[in-house]
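Student:
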Amino acid sequence: MNIYITLDYEIYFGENHGTVEKCIIYPTSELIRIAEKHDVRFCFFVDCGFILRLDEFRKKYPQLEKDYKLVTEQLKYLSDTGHDLQLHIHPHWEDSFYNGERWIIDVKRYKLSDFSETEISDIVFRYKKTLTDLTGKPVFAYRAGGWCLQPFSKLKKAFMENNITLDSSVFRNGFYVSENYDYDFRGAPDKDIYHFEDEPAAENAAGHFTELPISAIRNSPLFFWKLFLLGRKDPYLHKPLGDGRAIPAPGQRKKMLTEYTNCTVCIDGYNAHLLQKALKAQQKKKFDNMVVIGHPKALSRYSIQKLEEFVTKNKLAHNFTTYAEQFNPATGTKVLLNKKKLKNF
Ligand SMILES: [Zn+2]
Numbered sequence: 426m427n428i429y430i431t432l433d434y435e436i437y438f439g440e441n442h443g444t445v446e447k448c449i450i451y452p453t454s455e456l457i458r459i460a461e462k463h464d465v466r467f468c469f470f471v472d473c474g475f476i477l478r479l480d481e482f483r484k485k486y487p488q489l490e491k492d493y494k495l496v497t498e499q500l501k502y503l504s505d506t507g508h509d510l511q512l513h514i515h516p517h518w519e520d521s522f523y524n525g526e527r528w529i530i531d532v533k534r535y536k537l538s539d540f541s542e543t544e545i546s547d548i549v550f551r552y553k554k555t556l557t558d559l560t561g562k563p564v565f566a567y568r569a570g571g572w573c574l575q576p577f578s579k580l581k582k583a584f585m586e587n588n589i590t591l592d593s594s595v596f597r598n599g600f601y602v603s604e605n606y607d608y609d610f611r612g613a614p615d616k617d618i619y620h621f622e623d624e625p626a627a628e629n630a631a632g633h634f635t636e637l638p639i640s641a642i643r644n645s646p647l648f649f650w651k652l653f654l655l656g657r658k659d660p661y662l663h664k665p666l667g668d669g670r671a672i673p674a675p676g677q678r679k680k681m682l683t684e685y686t687n688c689t690v691c692i693d694g695y696n697a698h699l700l701q702k703a704l705k706a707q708q709k710k711k712f713d714n715m716v717v718i719g720h721p722k723a724l725s726r727y728s729i730q731k732l733e734e735f736v737t738k739n740k741l742a743h744n745f746t747t748y749a750e751q752f753n754p755a756t757g758t759k760v761l762l763n764k765k766k767l768k769n770f
């Protein structure tokens with residue numbers, strides 16, 4: 426099994442956005458510790474809009490200099506030591522600013538598709554360039570902010586122009602609708618990799634783009650009750666390391682505590698205890714790929730322990746890998762490990 430441990434590298438976007446040290450730098454340094462001890466590499470989907478904004482506002486507010494330096498130096502270190510840095514877009518940074526004390530985050534235009542096609546092309550170009558300027562390595566894979574990449578037909582041109590050929594945002598049966606935030610992956614095929622053209626949750630064998638979906642799992646209400654109660658019982662172990670708050674998701678908590686929910690396989694907090702079970706489920710389906718999502722800001726001491734146990738247990742039998750290692754950046758097509766022949770799937 427190729428196992429991709431993927432992290433969305435970002436602060437919080439709620440009223441309390443948290444600090445760069447606690448939401449990003451410290452939890453990522455724990456991931457680096459695990460990676461170096463076990464000789465594995467992880468994938469980071471970098472919220473490039475934040476870096477652009479930091480770069481812009483540090484000129485006016487020198488107190489941002491420290492955050493800019495911490496983030497760009499950590500990203501360079503990650504890239505130089507073989508971790509994979511790819512594109513994560515939260516376009517609400519276009520409408521957000523620093524007021525001298527904190528970030529004033531406006532999420533009215535939360536999805537890339539809330540912008541015009543010309544604006545989308547410009548955003549994808551600038552955000553991608555931020556990352557390539559920093560690492561000098563090809564950027565071709567994408568994770569949508571908040572999983573919002575529909576309608577993809579509106580994004581397609583910008584992705585073609587900027588050579589973004591692989592997406593890793595879909596998770597099977599994922600579905601959520603709120604006022605300015607929605608995704609619908611209920612039609613996604615039960616596959617670990619496929620091609621698509623205009624709709625990332627629909628397979629099109631002749632499609633230009635590759636989807637490497639985030640592995641999915643169905644969680645019972647009992648799981649969320651446990652998560653909720655453990656956080657209260659042992660906050661040292663179970664509280665997220667990040668010191669901000671997420672954007673409220675109306676109705677989401679009540680739904681999770683009362684109904685079965687289709688979720689991503691995830692290393693955030695208590696979710697990490699399901700990693701081994703999720704790997705077994707992928708094997709049972711005879712899948713070759715397992716994509717795990719996480720956020721440095723949402724990791725807990727417990728989830729870091731669980732991730733390390735998972736890596737220790739599986740590093741010899743399985744292949745912890747990255748998009749850069751497995752795919753041809755020009756085409757998003759899978760490359761055999763000898764990197765000579767292209768494999769069709
Ligand atoms: Zn994100």
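Residue numbers (this note's numbering): 426 to 770. The beta-carbon is built from N, C-alpha and C at its ideal position, and this holds for glycine as well. Treat the numbers as computed from the prediction; the structure is a model and nothing was measured.
(1) Flag L609 as yes when its Cβ comes closer than 7 Å to any non-hydrogen atom of ligand 1, and as no otherwise.
(2) Comparing C-alpha positions only, which one of F565, K759 and V549 sits nearest to G474?
(3) Is it buried or exposed, D558, if we count other Cβ atoms within 10 angstroms and call 16 or more buried?
(4) Please look up how many angstroms separate the CB atoms of L432 and F469, rounded, as I've assumed it's under 8 Å.
(5) Out of K536, H513, W572 and I529, state which residue places its alpha-carbon closest to the alpha-carbon of T555.
(6) Could I get the ranges of all uninterrupted alpha helix (DSSP H) runs contained in the region 558-621, with 4 residues as the minimum, in chain order?
(7) Would you report the Cα separation of I784 and Y523, rounded to the nearest angstrom?
(8) Examine ligand 1 and report whether any of its heavy atoms sits within less than 7 Å of the Cβ of G570.
(9) How about G439 and G669: are their beta carbons less than 8 Å apart?
(10) Given a cut-off of 8 Å, decide if F565 and T591 are closer than it, judged by their beta-carbon atoms.
(11) Short of 6 Å in beta carbon distance, which residues of its chain neighbour I430, apart from the five on each side in sequence? Order them along the chain.
(12) Pull the bridge partners of K759 from the DSSP assignment, please.
(13) Taking only three categories from DSSP, how would you classify M426?
(14) Measure the beta-carbon distance from A613 to V602 and round it to whole angstroms, keeping in mind my assumption that it falls under 8 Å.
(15) Return the chain-ordered list of same chain residues with a C-beta closer than 6 Å to the C-beta of I457, the five sequence neighbours on each side being excluded.
(16) Identify, in the order they occur along the chain, each residue of the same chain with its Cβ nearer than 6 Å to the Cβ of K462, setting aside the five sequence neighbours on each side.
(17) I'd like the list of long-range same chain contacts for T444, defined as Cβ closer than 7 Å, with 5 residues on each side in sequence excluded.
(18) So, with DSSP's three-state summary, where would you put A641?
(19) Is E636 helix, strand or coil by DSSP?
(20) Run the CB neighbour count on L762, radius 10 Å, all protein chains shown included, and call it buried at 16 or more, exposed below.
(21) Buried or exposed for L732, please, with buried defined as at least 16 other CB atoms from any protein chain shown within 10 angstroms of its CB.
(22) Which residue comes first and which comes last in the beta strand (DSSP E) that contains C414?
(23) Take the Cβ of Y748 as the centre, count every other Cβ of all protein chains shown within 10 Å, and call the residue buried at 16 or more, exposed below.
(24) If we count Cβ pairs, one from each stretch, closer than 8 Å, do we get three or more for the region 525-540 versus the region 576-589?
(25) Could you please give me the residues that DSSP links to C691 through a beta bridge?
Tutor: A quick look at the data gives this:
(1) The displayed chain sequence assigns Asp, not Leu, to residue 609. Outside the cutoff, so no.
(2) For G474, the closest alpha carbon among the candidates F565, K759 and V549 is that of V549.
(3) exposed
(4) 5 Å
(5) Closest by alpha carbon: H513.
(6) You should have 581-586.
(7) Outside the shown range of the chain (426 to 770) lies residue 784, about which nothing can therefore be said.
(8) yes
(9) Cβ atoms of G439 and G669: closer than 8 Å.
(10) The amino acid at residue 591 is misidentified as Thr; the sequence shows Leu. In contact: L591 and F565 (Cβ atoms closer than 8 Å).
(11) Here I430 has F467 and V717 as same chain residues with Cβ atoms under 6 Å from its own Cβ, once five neighbours each way along the sequence are excluded.
(12) F752
(13) For M426, the secondary structure class from DSSP, reduced to helix, strand or coil, is coil.
(14) With a Cβ gap of about 16 Å, A613 and V602 do not count as contacting.
(15) none
(16) none
(17) D668
(18) strand
(19) strand
(20) Bear in mind that a pLDDT of 48 at L762, under 50, signals an unreliable position, so the number given afterwards is only what the model happens to contain. It is exposed - the Cβ of L762 has fewer than 16 other Cβ atoms within 10 Å.
(21) buried
(22) As displayed, the chain neither begins before 426 nor continues past 770, which places residue 414 out of reach and without an answer.
(23) With a 10 Å radius around the Cβ and a threshold of 16 neighbouring Cβ atoms, Y748 comes out buried.
(24) yes
(25) I718
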